[in-house]
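> Before I ask anything, let me first share the structure, which is written out below as structure tokens.
See below:
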């Protein structure tokens, strides 16, 4: 499966922050967008970011839900996403 740079960066961000434990770390969409654009010379447009998140969700690499306390949209790696990310980044 071919993935865009933005999709790979989202997977890396979620995988990197998940650490070695089994607990999946969740990020709000706004936090992920801010972190992805923090050190880029040319920021990722919000529409491209949203499209990448929806594509990762459609193929089952991330899970999306609404945080009960803050009511923000939150993403985390699925089990399949964790496996795919480890294959991409632990070569």
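Residue numbers (the UniProt record's numbering): 1 to 91. C-beta: ideal position from N, C-alpha, C; glycine also. Keep in mind that this is a model prediction, so the values were computed, not measured.
#1: Using 9 Å as the threshold, is the C-beta distance between residue 44 and residue 33 below it?
#2: Taking the C-alpha atoms as reference points, what is the distance between residue 53 and residue 78?
#3: Hey, which unbroken runs of the beta strand (DSSP E) at 3 residues or more fall wholly within the segment 20-72?
#4: As a quick exercise: from 83, 56 and 28, pick the residue whose alpha carbon is nearest that of residue 69.
#5: If we count the other Cβ atoms within 10 Å of its Cβ and call it buried at 16 or more, is residue 10 buried or exposed?
#6: What is the rounded straight-line gap between the Cα of residue 48 and the Cα of residue 71?
#7: Out of 85, 57 and 89, which has the shortest C-alpha to C-alpha gap to residue 74?
#8: Among 14, 59 and 66, which residue has its Cα nearest to the Cα of residue 82?
#9: Just to confirm, is the Cβ distance from residue 62 to residue 36 under 9 Å?
With the structure as the only source:
#1: Their beta carbons are under 9 Å apart, which means residue 44 touches residue 33 by this criterion.
#2: 13 Å
#3: Runs found: 62-66.
#4: Measuring from the Cα of residue 69, the nearest candidate turns out to be 28.
#5: Residue burial is scored here from C-beta neighbours: residue 10 has at least 16 other C-beta atoms within 10 angstroms and is therefore classed as buried.
#6: 23 Å
#7: Checked all of 85, 57 and 89; the closest Cα to residue 74 is 57.
#8: 14
#9: no
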